[in-house]
Amino acid sequence: DVKVTQSSRYLVKRTGEKVFLECVQDMDHENMFWYRQDPGLGLRLIYFSYDVKMKEKGDIPEGYSVSREKKERFSLILESASTNQTSMYLCASSRSLNPPYNEQFFGPGTRLTVL
Amino acid sequence: RKEVEQDPGPFNVPEGATVAFNCTYSNSASQSFFWYRQDCRKEPKLLMSVYSSGNEDGRFTAQLNRASQYISLLIRDSKLSDSATYLCVPTNFGNEKLTFGTGTRLTIIP
């Protein structure tokens, strides 16, 4: 079974703090993704990575950066957290970007609150 | 037109009933589809993949209508454990990103 883990289930930070969210997958997947999920807006892609040290912007990259130094690990960084970044953050991984192996497997999510 | 549109619901359905909901998509090149289910405060998990005209897995049936660009999910003999939000995801070769629908919320009532 694919397992995607995230470093924290719940996180509370203050405005202006630097925040690191870590994600690890154990299935040797090439691709990893960071989403945020907000009520009524669904899942929105922040960044994704198709290889070590490679990254691509998603639909809402502003205010975020990412790092992928090892294949199994993909980090999301909030350089200076703001209250509008309060959200559920979901990490995912997939074997391929194309059908039929582009199913994404999700981690349990990190609920981040910025005060 | 949005890439993916789903009726947000909620659908409140008595246990044992059959329920169906649709997902419309705008990209006619979409070749395959995922249905994910997401329980409250949990991550999405794959329910079903659809690569042709449809797929059936036990009580769950997905049917694709390419001409009208929608895919439906039908749940027969609904169980309390089917209560969740169901996310539709069209996918096609060459598109690196998946666009998730905002989901249809289903509640099965005892």
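Chains A and B, in that order, give the protein sequences.
In case it helps, this note's numbering puts the first sequence at residues -15 to 99.
In case it helps, this note's numbering puts the second sequence at residues 221 to 330.
Glycine residues also receive a C-beta, built at the ideal position from the N, C-alpha and C atoms.
Only a predicted model underlies this, so the values are computations on that prediction, with no experimental measurement involved.
The Cβ of E235/B sits no closer than 8 Å to any Cβ of chain A.
Going by C-alpha positions, T311/B is about 22 Å away from D259/B. In this model, R(-7)/A and A287/B are separated by some 43 Å (Cα to Cα). F58/A has a beta carbon lying at 8 Å or more from every beta carbon in chain B. Ranking Y85/A, N15/A, Q88/A, Q69/A by CA distance to the CA of E53/A puts N15/A first. In the displayed model, Q226/B falls within a strand according to three-state DSSP. Shown here, T305/B sits in a strand according to DSSP, grouped into three states. In the structure shown, L300/B falls within a helical segment according to DSSP collapsed to helix, strand and coil.
CA-CA distance, Q9/A to T244/B, rounds to 32 Å. Residues of the stretch 75 to 96 of chain A with a C-beta atom less than 7 Å from some C-beta of chain B are L81, N82, P83, P84, N86, E87, Q88, F90, G91, P92, G93, listed in chain order. When Cβ-Cβ separations below 8 Å define contact, G47/A makes no contact with chain B. Residue-level contact by beta carbon holds for K317/B and chain A, with a gap shorter than 8 Å. For T281/B, the closest of Y290/B, V270/B, Q289/B by C-alpha to C-alpha distance is V270/B.
Taking 9 Å as the Cβ-Cβ cut-off, the stretch 259 to 270 of chain B approaches chain A at R261, K262, E263, P264, K265, L266, S269, given in chain order. DSSP, read as helix, strand or coil, puts Q69/A in helix. Residues of the same chain with a CB within less than 6 Å of the CB of L5/A, apart from the 5 flanking positions on each side, are L60, Y73, T94 in chain order. Of C75/A, M38/A, K(-3)/A, the smallest CA-CA separation from V(-12)/A is found for C75/A. Note on I291/B: 16 or more other CB atoms within 10 angstroms of its CB, so buried under the neighbour-count rule. In chain order, V270, I291, P310 place their CB closer than 6 Å to the CB of F253/B, counting only its own chain and leaving out the 5 sequence neighbours on each side. For S303/B, no CB of chain A lies under 8 Å from its own CB, so it is not counted at the interface with that chain. For T70/A against L96/A, the beta-carbon gap comes to about 6 Å, under 8 Å, which counts as contact. For the pair F89/A and R325/B, the Cα-to-Cα distance works out to about 21 Å. Scanning its chain for C-beta atoms nearer than 6 Å, with the 5 sequence neighbours on each side dropped, one finds around V233/B the residues V239, S298, I328, in chain order.
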